[in-house]
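> I'd like to ask you about the structure that follows.
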């Protein structure tokens with residue numbers, strides 16, 4: 002496998018994951034608005050994990066940091082309930 006093929010595959014994966022994670026997070030916001038607890042939190046966790054993965058693919062530390070912190074806060078909150 003060439004480096005160009007590897008980069009193209011990674012970009013395609015990042016594209017699919019970032020849009021899927023974005024749609025899932027939007028559903029999490031809708032779940033919050035309509036009181037779909039705890040489903041809204043589950044949706045948020047999946048969306049945050051997706052964006053954390055995109056940050057890793059892009060080697061973007063800012064995206065990784067914000068989503069790692071968000072994931073930690075959500076999991077801590079969920080565990081304390």
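Numbering (this note's numbering), first residue to last: 2 to 82.
Using N, Cα and C, we set each Cβ at its ideal position, and we do this for glycine too.
Quantities reported herein were computed from a predicted structural model and do not represent experimental measurements.
By alpha-carbon positions, which one of 49, 37 and 57 ends up nearest to residue 76?
In the chain shown, the residue the question calls residue 76 occupies position 75. For residue 76, the nearest C-alpha among the options comes from 49.
> Leaving out the 5 sequence neighbours to the left and right, which residues in its chain are closer than 8 Å to residue 44 when beta-carbon positions are compared?
Numbered from 1 along the chain shown, position 43 holds the residue referred to as residue 44. Contacts found: 25, 26, 28, 29 and 32.
> Residue 45 lies in the alpha helix (DSSP H); which residues open and close that run?
On the chain shown, residue 45 is found 44 positions in, with the first residue counted as 1. First-last of the alpha helix (DSSP H) with residue 45: 40–59.
> What does a CB cutoff of less than 7 Å around residue 56 pick up in its chain, not counting 5 residues either side in sequence?
Along the chain shown, read from residue 1 onward, the residue named residue 56 stands at position 55. Result list for residue 56: 64, 65 and 68, in chain order.
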